[in-house]
């Protein structure tokens, strides 16, 4: 049982539609009321939220209504910080949102578990169902937001002051939804107890864990939740961690992981052995030694003749079938310690017309797995990247203003709830509105959902509150400068 909550059971999700053709379809008569079938979308959102009410009732109080208003605010407000959400959602205020996010004891883990189960119920039957791990950086100012540091922000392609979330997505083709998350805590945070205290990080979360360790935790969560994915996908930041690939292999997971171009592989079995002792002097050898030399994957690919590159269609796109050229062979991977090397697939992909854009991947899929199947699996990370973009642009995945540990996780759970709603709406309308996007859904909801009645007096009140906060921020900055000058002396 999760702390602060009554025992819960996973709720059976509402029926959803089945996948259909990618051929675009539109209502024949747009002038007819309800021709698009979206006129009741606001009511459907409220019904959707009602499925999750049990997770927002703790032993001491109910925050069901606040959770509903926060969910509506993610769709209604162009800026998803709590101050702006309170301006558009009727009968709400940002202080109540702050309490709901940072202090209320509802358990985000239970919400994520239910979200994962609902997505699995929709697509888990498919042989193409995948679990993909990816990360996303959220640029932030200052140093007080939990986990913030100068670190790599993949979205910006540079080192920046940001938080980094590691995410798990369950999907099938273009039907993808985020289902789990971890916040990466840099070493500088773990080494600063005072900073951890200020951000209210639980004691058992203050040990450093690499992003690869967080990824492994989420794969283990997925197995514990009995999700029915067929393979795990990883990008190069995780594929370069050989221990992670071996751990997943040892756990019985089938995976496909991108790797960097300097990845070493063996074209022949290295057959590691301990060398025989030579002479009587010195210590006897004890370390295993490979009998062949490894090779970089980019060097191997560069040496292959043009005729060996195979043209493969990896997915349908808005511009037609998307084809790439692929090299595929079996290779050995050895970590220098295991008694035997692992025998895995190497897949090298280049864009047609852009031969310098090359991607390298490894997979432990069964030996008989075809080149076409591996190329298809390699291409599925595109849909997860698209889901992360939708999460940020449409429902505020990175648009929060929360400094505390619990607030960050609560916000992510609510965003994933919003993403699940969009996932289900798009599935329901896949036959009659196959081009329906997450942005379309948000635009419709902004028209249909009730908005706060903004009078002239209310506008003035909002301005006054914003100015008060800005002035407080200015005063704080000047006070900090004065304190620094006093410490440094004349």
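In the numbering used here, the protein residues as written are 506 to 995. Built from N, CA and C at the ideal position, the CB exists for glycine as well.
Residue pairing by DSSP places residue 562 opposite 567 in a beta bridge. Residue 688 and residue 668 do touch by the CB rule: their CB atoms are close to 7 Å apart, below 8 Å. Residue burial annotation: residue 857 is exposed, with fewer than 16 other C-beta atoms found within 10 angstroms of its C-beta. Looking only at 754, 585 and 681, the smallest Cα-Cα distance to residue 868 is reached by 754. Beta-bridge annotation (DSSP): residue 769 is paired with 801. Rounded to the nearest angstrom, the Cβ distance from residue 829 to residue 855 is 7 Å, consistent with a contact under 8 Å. Of the residues 843, 624 and 544, the one whose Cα lies closest to the Cα of residue 673 is 624.
Nearest in C-alpha terms to residue 645, of all of 942, 618, 907 and 920, is 907. C-alpha of residue 933 to C-alpha of residue 810: approximately 47 Å in a straight line. Listed in chain order, the alpha helix (DSSP H) runs fully inside the segment 653–701 are 692–695, counting runs of at least 4 residues. Under the criterion of beta carbons closer than 8 Å, residue 639 and residue 886 qualify as touching, at roughly 7 Å. Per DSSP, residue 605 is one residue of the alpha helix (DSSP H) stretching across 599–607.
By the 16-neighbour rule on beta-carbons within 10 angstroms, residue 599 is buried. Around the beta carbon of residue 768, 16 or more other beta carbons sit within 10 angstroms, so the residue counts as buried. If you look at residue 716, you'll find it in the alpha helix (DSSP H) that goes 716–729.
The segment 707–719 and the segment 729–737 do not touch, with fewer than 3 CB-CB distances between them shorter than 8 Å. Under DSSP, residue 638 forms a beta bridge with 673 and 739. Under the three-state reduction of DSSP output, residue 732 falls in the coil class, being neither helix nor strand.
Residue 605 and residue 900 do not touch by the CB rule: their CB atoms are close to 17 Å apart, not below 8 Å.
For the 9 Å CB-CB criterion, residue 748 and residue 795 do not form a contact. Within a 10 Å sphere around the beta-carbon of residue 551 sit fewer than 16 other beta-carbons, which makes this residue exposed. For residue 928, the enclosing alpha helix (DSSP H) stretches over residues 910–933. Taking 9 Å as the cut-off, the Cβ atoms of residue 590 and residue 575 count as close.
DSSP places residue 984 within a helical segment (H, G or I) once states are collapsed to three. The three-state reading of DSSP puts residue 839 in coil, since its state is none of H, G, I, E or B. Taking 9 Å as the cut-off, the Cβ atoms of residue 920 and residue 902 count as close. When C-beta atoms of the segment 558–567 are compared with those of the segment 882–897, fewer than three pairs fall below 8 Å, so the two segments do not count as touching. Annotation for residue 658: 642, 665 and 667 place their beta carbon closer than 6 Å to its own, counting only its chain and skipping 5 residues before and after. Assigned with DSSP and collapsed to three states, residue 864 falls in strand.
Judged by DSSP secondary structure, residue 899 falls outside any beta strand (DSSP E) and instead within the alpha helix (DSSP H) spanning 886–900. By the Cβ test, the segment 732–742 is in contact with the segment 757–773, since at least three Cβ pairs between them sit closer than 8 Å. In the three-state scheme derived from DSSP, where H, G and I count as helix and E and B as strand, residue 706 is classed as coil.
In the three-state reduction of the DSSP assignment, residue 624 falls in the helix class. Contact between residue 719 and residue 671 holds, since their C-beta atoms are separated by about 5 Å, short of 8 Å.
Excluding sequence positions up to five before and after residue 583, its CB lies within less than 8 Å of the CB of 589, all in the same chain and listed in chain order. The C-beta distance from residue 851 to residue 802 rounds to 6 Å, short enough to meet the 8 Å contact threshold.
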